[in-house]
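>
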Amino acid sequence: MEKKTNNPAITKSYAKKMETISPFELKNKLIDMADESIKKIAHTMLNAGRGNPNWIATEPREAFFLLGQFGLCECRHAFSLEEGIAGIPQKAGIAARFEAFLKENEKSSGG
Numbered sequence: 077m078e079k080k081t082n083n084p085a086i087t088k089s090y091a092k093k094m095e096t097i098s099p100f101e102l103k104n105k106l107i108d109m110a111d112e113s114i115k116k117i118a119h120t121m122l123n124a125g126r127g128n129p130n131w132i133a134t135e136p137r138e139a140f141f142l143l144g145q146f147g148l149c150e151c152r153h154a155f156s157l158e159e160g161i162a163g164i165p166q167k168a169g170i171a172a173r174f175e176a177f178l179k180e181n182e183k184s185s186g187g
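Heads up: the sequence shown begins at 77 in our numbering, then just goes up one per residue.
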């Protein structure tokens, strides 16, 4: 039976095998082991990484929400029920309705 080192995942024979590999292979193995360790604790830790700012660009977001409002208006234009159910937008004339919607909402956020 093999005696294990301080790390329960690494046996003495495994450590001996690691002594014979190149530094590049060792680096790759360490990266793999770190990745495995992260996967095990992923449920408790969020790896936000780079590119997750603590701010948002409001103008594009407001424009996106305004586009969503147009979509909802179009659905309600087709038909609308009190229960919050609406129809499928009609393609015919949608560009003209969109331009009219933008003119009506020119002063609103995202307009």
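Using N, Cα and C, we set each Cβ at its ideal position, and we do this for glycine too.
None of these values were measured; they are calculated from a predicted model.
Using the C-alpha atoms, what's the distance from ASP111 back to SER89?
Roughly 22 Å separates the two Cα atoms.
> The alpha helix (DSSP H) with PHE174 in it runs from where to where?
170 to 180 is the span of the alpha helix (DSSP H), which, as asked, contains PHE174.
> Looking at the unbroken alpha helix (DSSP H) that takes in PHE141, where does it start and where does it end?
That run of the alpha helix (DSSP H) goes 134 to 154.
> Could you pull the DSSP bridge partners for LEU157 from this structure?
Partner(s): ILE161.
> Measuring straight from C-alpha to C-alpha, what distance separates ILE86 and LEU143?
For ILE86 and LEU143, the distance between alpha carbons rounds to 56 Å.
> If I follow the unbroken alpha helix (DSSP H) through SER89, where does it start and stop?
Its alpha helix (DSSP H) spans residues 88 to 94.
> Closest to GLN145 by C-alpha separation, out of GLU101, LYS92, SER184 and LYS93, would be which residue?
Closest by alpha carbon: SER184.
> Measuring CA to CA, which of ALA139, HIS153 and ALA162 is closest to ILE170?
For ILE170, the nearest C-alpha among the options comes from HIS153.
> Whose C-beta lies closer than 7 Å to the C-beta of GLN166 among residues of the same chain, with five residues either side of it excluded?
Contacts found: ALA154.
> In three-state DSSP terms, what is ILE97?
Looking at ILE97 - three-state DSSP - the assignment turns out to be coil, as it is neither helix nor strand.
> Can you give me the C-alpha to C-alpha distance between ILE132 and GLU182, rounded to a whole angstrom?
The alpha-carbon atoms of ILE132 and GLU182 are separated by roughly 22 Å.
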